[in-house]
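Have a look at the structure below, then the notes.
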Amino acid sequence: MTVKNKLSTIWQKLRMIVKNVATYIKQSPQMQFVVLGVVMIVIGRIVFAGPAATNINFLAEIMIITVVALGLNLLLGFSGLVSLATAAFMGVATNSMFVFINVVGLPFLLSVVLTLVLAGFLGMAVGVLSLKMEGIYLAIATLFVGHIVTEIFRAFAIFNSGETQRIGSSIDFFMGYELTNFLKADRIILYYFVAIGMVIAFIVVYNIVKSPTGRALMAISRSQHAALAMGISVIKYRLMAFVIATVFAAFGGILHLIFFQTTGSATKWGLGLSLVILAVVVIGGMKSLIGMLVGAFLLIGVPAFVLREVPILSGFEDILAGLLIVVVILYYPYGAAQILTDIKKLLIRSKSYLAKKAGERRG
Amino acid sequence: MNISIIIQILFNSLRLGSIVALATLGIVLIFRTSKATNFAQGSIGTFNAYIAAYFLLTVGLSIWTSMLIAMGTAFLTGVIIDKLFIRPARKASPVSKQILTLGIIMILIGIMNSTLGILRTVFPPVTIRPEQFIASEHTVTILGASIEWNTIFIFLLTMVLMLIVFLFIQKTRWGLATRVTASNEPIARLMGVPTKTVTMFAWAFAAMLGTIAGIALAPRVGMTPNMLITVQISAFFAGVFGGFSTFFGPVVAAYIIGFAISTGRYFFVTSLDLRSIFAELLVYSIILVILYFKPYGLFGKKPQRKV
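Chain order of the listed sequences is A and B.
Residues in the first sequence are numbered consecutively from 25, following the numbering used here.
Residues in the second sequence are numbered consecutively from 9, following the numbering used here.
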């Protein structure tokens, strides 16, 4: 047996392994999300090691917004309900974490659980409101809720009157690690947590969508009356959708607290960010999961990475980002995830065109 | 508590209510004719109010001429936005249209924050304070309270504009076309109503109303790109509180909210020794509770939906 033969058998074995792994990943979407998380971590590492290390903040923000958008997608895409209080619920999570940890003095994990439960109840309250109204009325009612929440942040001294505040020192993050001990140089470790959180969010949402709950939500989004006639309890699933969306927003808020270690100001959690999250869902494509990451990248990443780096375009980031939103909505009404299929179509068409040309030449 | 304080509160709330009413009428006009929730109303108003301030402060024209010029640019802004963004997206869902207005906000804010050449002089990066319609030393004493003529002027201007809008909508042929478009756009188009023109004028007119609100507010809070954000949020609340299905409901609601907040602020600050923000909190919470029992507003009707 020559060396060449040996090499080729090893090569073939490797190919088999890769192929098996590839088919396994293709067959199990949960694994795809894990791969996505790994890819994000690798990108994060590369960015963090490079000259523009501060861009890691934008990457983390993209993933946090993706988590929140996944929850809102369940509400908007799968049950057709609009919420403009999403950012406010993120603020509720960061501020309640602050109160639980710094004022009450609870351990980190217990405060996470309590915050998620609190968010669930808040979502339930908004859901009760949603039983009465639809469309723009519901949108403005949720805007009302969000506005009241941010006003509460501004009104009370415990929330630092709506200003951002750093989470206190020496907090037991997990197993003896202290949260504030992560210095700026160790940001990458916190980044891993955000990436893991995003993967968990993806898997949970995927499982919800594929469960009977997801199918019921889908039926309600198409026609409420038809769903009712099929024996689906609209009240129950509406409430459930709101609770899930709010818990995801709170989860996003907790990730924000872990990464940035601040609560964020009341202005940050206002209508602007809620609209951006809504835009992420619409632009990413309702009912699409990966689309949320694409949408978050288009809305936060493109202005931060692409437009700011090009010298001619700097100073125009806001205008171009706005134009991007307009263009995507006008030409891709079903979301940016459609762009990928369009590119595929273009490739196939160009291939067949080239083949035809070659055929003509031969003939 | 004497009568002069009541009068003072009343006129304060009339000024606040007028500004909100102007913004909300524009939002309702757009919502009814093109089924879009216009979050950009505030930004469009601010954008054109900046142009008025430019002609007033830098070029040195009188406030009336600058306002006229700003009305012209507001009309153009509305027409351009309708032509470029809203009409091509006619088939988009209402939520997509909301996001479209977010895109418009970002474009306008981007232009206002720009630091290039002429844009920097028209939209200066520092807060500017243009003059009022009528200078603040002209006051009138009503029952012991000294009221600025400017406040009375803003209220009267709003009333006249509202009257014109309502008469236009109720009495003229174009008003009929607006109402028909608002009630059912596809059928109206089939019946030969030029719905495109109606929608275009609705956007243009809403932009003009927002601009007047901006010009009226700027001297008090100072000119910044985000000046009208809180007014716009109040305008949305007024729209829902009064009912989006009528044209007059939101206007009435704007004055009710303005009065409630002004009165609440006074009592919270003087009697309860609390910060004025608690008054807003209380008023908004009460409105939210009322909305739970009357989800389509005080004057609104439940929209009919077929299965």
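For glycine and all other residues, C-beta sits at the position ideal for the given N, C-alpha and C.
Measuring alpha carbon to alpha carbon, tell me which residue in B/I295, B/T219 and B/S154 is nearest B/M75. It is B/T219 whose Cα lies nearest to the Cα of B/M75.
Interfacial residues, the region 96 to 107 of chain B to chain A, with Cβ spacing under 9 Å: P96, A97, K99, A100, S101, P102, V103, S104, K105, Q106 and I107
Does DSSP classify A/R430 as helix, strand or coil? In the structure as shown, chain A starts at 25 and stops at 387, and residue 430 of chain A therefore has no counterpart that could be examined.
Can you tell me whether DSSP reads B/G142 as helix, strand or coil? It should be pointed out that residue 142 of chain B corresponds to Ile in this sequence rather than to Gly. It is coil, neither helix nor strand.
Straight-line Cα distance separating B/A60 from B/M216: The straight-line gap from Cα to Cα measures roughly 12 Å.
Measure the C-alpha to C-alpha separation of A/A111 and A/W293 and round it to an integer number of angstroms. Distance between the alpha carbons of A/A111 and A/W293: 5 Å.
Starting from the Cα of A/I224, find the closest Cα among A/K28, A/I244, A/V59 and A/L31 and give me that residue. A/V59
Option nearest A/V233 by Cα separation, candidates A/L98, A/N184 and A/F217: Comparing Cα positions, the closest option is A/L98.
If B/S21 and B/S270 are in contact, beta carbons under 8 Å, what's the gap, nearest whole angstrom? 4 Å
Against B/R283, what residues of chain A qualify as contacts under a CB-to-CB distance less than 8 Å, listed in chain order? A179
According to DSSP, residues forming a beta bridge with A/S185: In the DSSP output, where bridge partners are listed per residue, A/S185 has none listed.
If you draw a straight line from the alpha carbon of A/M55 to that of A/E341, how long is it in whole angstroms? 36 Å
Counting only C-beta atoms, is A/F340 closer than 8 Å to chain B at any point? yes
Ranges of the beta strand (DSSP E) found wholly within the region 29 to 109 of chain A, counting only runs of at least 3: none
Quick one: what's got a C-beta closer than 6 Å to B/N46's C-beta in the same chain, skipping five residues either side? Same-chain partners within the cutoff: I35, I38 and T109.
Applying the criterion that 16 or more other CB atoms from any shown protein chain within 10 Å of the CB defines a buried residue, is B/G111 buried or exposed? So B/G111 ends up on the buried side.
Quick check: A/G221 and A/V91, are their CB atoms within less than 8 Å of each other? yes
Option in B/A246, B/S101, B/L127 and B/S12 with minimal Cα separation from B/F55: B/L127
Could you have a look at B/V201 and say whether DSSP puts it in helix, strand or coil? The answer is coil: DSSP assigns B/V201 none of H, G, I, E or B.
Taking a cut of 7 Å between CB atoms, which residues from the region 30 to 60 of chain B lie near chain A? F39, T45 and F47
Any Cβ of chain B within less than 8 Å of the Cβ of A/F168? yes
If the cut-off is 8 Å on Cβ atoms, which residues from the region 228 to 252 of chain B count as contacting chain A, listed in chain order? I237, I241, F244, F245, G247, V248 and F252
If you check the beta carbons only, do A/M87 and A/V228 fall under 8 Å apart? Not in contact: A/M87 and A/V228 (Cβ atoms no closer than 8 Å).
Rounded straight-line distance, which links the Cα of A/D366 to that of A/K381: Cα to Cα, the separation comes out at about 22 Å.
So is A/E384 in contact with chain B if we call contact Cβ pairs under 8 Å? no
Whether A/T139 touches A/S120 by CB criterion (8 Å): yes
Alpha carbons only, please: which of B/I172, B/L299 and B/I298 is nearest the one belonging to B/L30? B/I172
For a contact meaning CB atoms closer than 8 Å, what does A/E175 contact in chain B? I285, E288, L289 and Y292
For the alpha helix (DSSP H) containing B/S21, list its first residue and its last residue. I11 to S42
Consult DSSP for B/M231 and reduce its assignment to one of helix, strand or coil. strand
Same chain only: Cβ atoms within 7 Å of B/I71, ignoring 5 sequence neighbours per side: L64, E139 and F141
Coarse secondary structure for B/V148, derived from DSSP in three states: strand
Contact set for A/F82: own chain, Cβ-Cβ below 8 Å, skip 5 residues either direction: The residues are I324, G325, A328 and F329.
To the nearest angstrom, report how far apart A/V45 and A/V63 are at their CA atoms. Separation of A/V45 and A/V63 (C-alpha to C-alpha, rounded to the nearest whole angstrom) is 16 Å.
Measuring straight from C-alpha to C-alpha, what distance separates B/T32 and B/G247? 6 Å
Mind listing the chain D neighbours of A/A165? Cutoff is C-beta to C-beta under 9 Å, in chain order. The structure shown has no chain D; the protein chains it does contain are A and B.
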